[in-house]
Amino acid sequence: MSLETDKLKSEIRNTCLVALTRREFSTKELKEKLRSRFDADGLIDTVINELTAEKLLCDERYTESFVLARVNRGQGRIKIKADIHAKGISAELVNRVIAELKIDWVLLAQRVLKKKGKSEDITDKKQLGKTMRFLQYRGFDFDEINQALRG
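Note that the working numbering has the sequence shown beginning at 247, numbered continuously upward.
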């Protein structure tokens, strides 16, 4: 490698490290960020591979932190899966991480309802429809919504 190439590679690596100290990134996100700044696809791929080998960049760790952050915000499984898919994470990895975390989605839906003040008995059909749509928007499936409303 030439001196100029080494310097560019070092600059790309430093950019990655600065970004990774702020928060976790998916491989796809970091590549996109670097490609918008540098015009050196080969070097970017090399640096990404090195960071992955050094375990400084890890899609599994990113997925776990992403899922936990979204659960803490009261989002359901469907919304989380859709959002993280856009970040370039495979469905298999997401499903595995969600299964390992053992999240009680019904309890989460109940907490979301309670936080929004919608946990009282819902007898009015119009209010029931609004509440169900609210939980659907949050990413909960029909079974989770029904169980949350019953319990």
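Every residue, glycine too, gets a C-beta built ideally from N, C-alpha and C.
Buried versus exposed call for residue i [16 or more other C-beta atoms within 10 Å across all chains shown]
i: A337; result: exposed
i: G385; result: buried
i: K348; result: exposed
i: T251; result: exposed
i: D305; result: buried
i: V264; result: exposed
i: T377; result: buried
Whether residue i touches residue j by CB criterion (7 Å)
i: E390; j: V352; result: yes
i: Q402; j: A315; result: Any answer about residue 402 is impossible in this case: the structure gives the chain only from 247 up to 397.
i: G322; j: S272; result: no
i: L289; j: K255; result: yes
i: V317; j: V343; result: no
i: T309; j: L276; result: no
i: S311; j: E257; result: no
Unbroken alpha helix (DSSP H) run spanning residue i, endpoints
i: R307; result: 305-318
i: I335; result: Element bounds for I335: n/a, residue is neither H nor E.
i: Q393; result: 388-396
i: A355; result: 351-361
i: S410; result: Missing from the structure shown is residue 410; the chain here goes from 247 to 397 and no further.
i: R259; result: 249-268
i: K290; result: The question names Lys, but residue 290 is Ile in the sequence shown. 287-299 is the extent of the alpha helix (DSSP H) around I290.
Cβ-heavy atom distance, residue i to the ligand NAD, below 6 Å
i: K333; result: Here there are no bound small molecules, and the ligand NAD is not part of this structure.
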